[in-house]
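These notes concern the structure reproduced below.
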Amino acid sequence: MSNCIVGIDLGGTNLKAGIVDTDGKILHRLSIKTNSNADPQIISNQILELIAEAVQGAQIKESDVTGIGLGSPGLVDKTGETILFSPNLPRWRNIPIKRIVSERFSKPCVLENDANAAAWGEKWVGAGKAVKSLVMLTLGTGVGGGIVIDDKLWRGANNVAAEIGHMVIQTDGPPCKCGNRGCVEVYSSATGMVRRFKELLGSGASSSLKGSAEITAKMINEAAIQGDKVSLDVIEETGRYLGIAILNIMHVLNPEMVVLAGGMIGSGKLLMDPIRRVTTERAFEASYQDTKIVFSQLGNDAGIIGAAGCLLRALEISA
Ligand SMILES: [Zn+2]
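Reminder that position 311 of the sequence shown reads as 400 in the numbering used here, one-by-one numbering, no gaps.
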């Protein structure tokens, strides 16, 4: 089968690869754990090996591959060649991963921020297929963002737009990994939710999770479903902070759609209700009334599909 694209989604937890066709369907996929503290050379080699394995696993030839789309966390430099810095892969600095991959496979290659890639995936074949403008928030260990305006990814003057997770919503809030304070990510990431949960337990709140050796966002969600009051309160508060972030986005961009993705959307209605409440109570009616707030349709595949779609876009094939 010709005209296949390899989509790579490099995350702080998993490194995923998929063989994607020109309609955005994944034909074959595989995933390995990322050692986020490993030497960048090791991670680069893993990416090269995973691409080769994905091609083999899909039973296609390298000559069937049109190109490779790479989605990576962190800031991509202005030329789209290098990852400058990634908070979740601390040693991953100034790595020319696009050149490394395109030289090894002699194929066209694009490098895109992972949340931008995921936003493009949703726009191409997911929740945002029918709209021209959308903003995506990926809610996981951190909070990523991607912006599509008039059917194009908005990358900004320096290729570093859409850092929605680092929009400041509390001037004197807790410190963020980025060096600033009070960022959306501090309140609305899985890490932020666990931190606030632990603070409440520390101040004497009673919860079914009290005494657990480790607390994760998933555990808080499960406890909330069982009716645990502190867990319900923390998810509600997370939703309210997200609602503030989203109403700011609505006021600035007035997008047709806001797509929420990432592990935390497992909280479903518990997270969505406070988001909708805050935006309808506090945003201008004209700003929110035609903006749909929805969950991702592609789930964990958005990054792979979107990275492939970005390659097609760059080659002006389709997508
Ligand atoms: Zn920050």
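In this text, a Cβ means the ideal position worked out from N, Cα and C, and glycines have one as well.
- Per the DSSP secondary-structure output, R118 pairs in a beta bridge with G107.
- Assignment of beta-bridge partners to G233 by DSSP yields T227.
- Under the three-state reduction of DSSP output, A294 falls in the coil class, being neither helix nor strand.
- Taking a cut-off of 8 Å on C-beta distances, the stretch 309 to 323 does not touch the stretch 185 to 201, as fewer than three cross pairs fall below it.
- Rounded to whole angstroms, the gap between the alpha carbons of S152 and G163 is 31 Å.
- Under a 10 Å Cβ-count criterion, R285 is classified as buried, with 16 or more other Cβ atoms of the shown protein chains found around its own Cβ.
- By the rule of a C-beta closer than 6 Å to any heavy atom of ligand 1, the residues picked out are H255, C265, C267, N269, C272 and E274.
- Burial state of P179 is exposed, judged by a 10 Å Cβ sphere holding fewer than 16 other Cβ atoms.
- Taking the CA atoms as reference points, M361 sits about 40 Å from N134.
- Annotation: G156 is outside any alpha helix (DSSP H); the continuous beta strand (DSSP E) that includes it extends over V154 to S161.
- Counting C-beta pairs closer than 8 Å gives three or more between the stretch 217 to 236 and the stretch 337 to 351, which meets the contact rule.
- One alpha carbon belongs to R270, the other to I364, and they sit about 22 Å apart.
- According to the DSSP secondary-structure assignment, E201 is paired through a beta bridge with G160.
- Between P263 and V275, the CB-CB gap stays under 9 Å.
- Three or more Cβ pairs drawn from the stretch 382 to 389 and the stretch 214 to 221 lie within less than 8 Å of each other, which places the two stretches in contact.
- Close CB contacts of A147 within its chain, under the 6 Å cut and outside five residues either way in sequence, are with I108, L116 and H117 (chain order).
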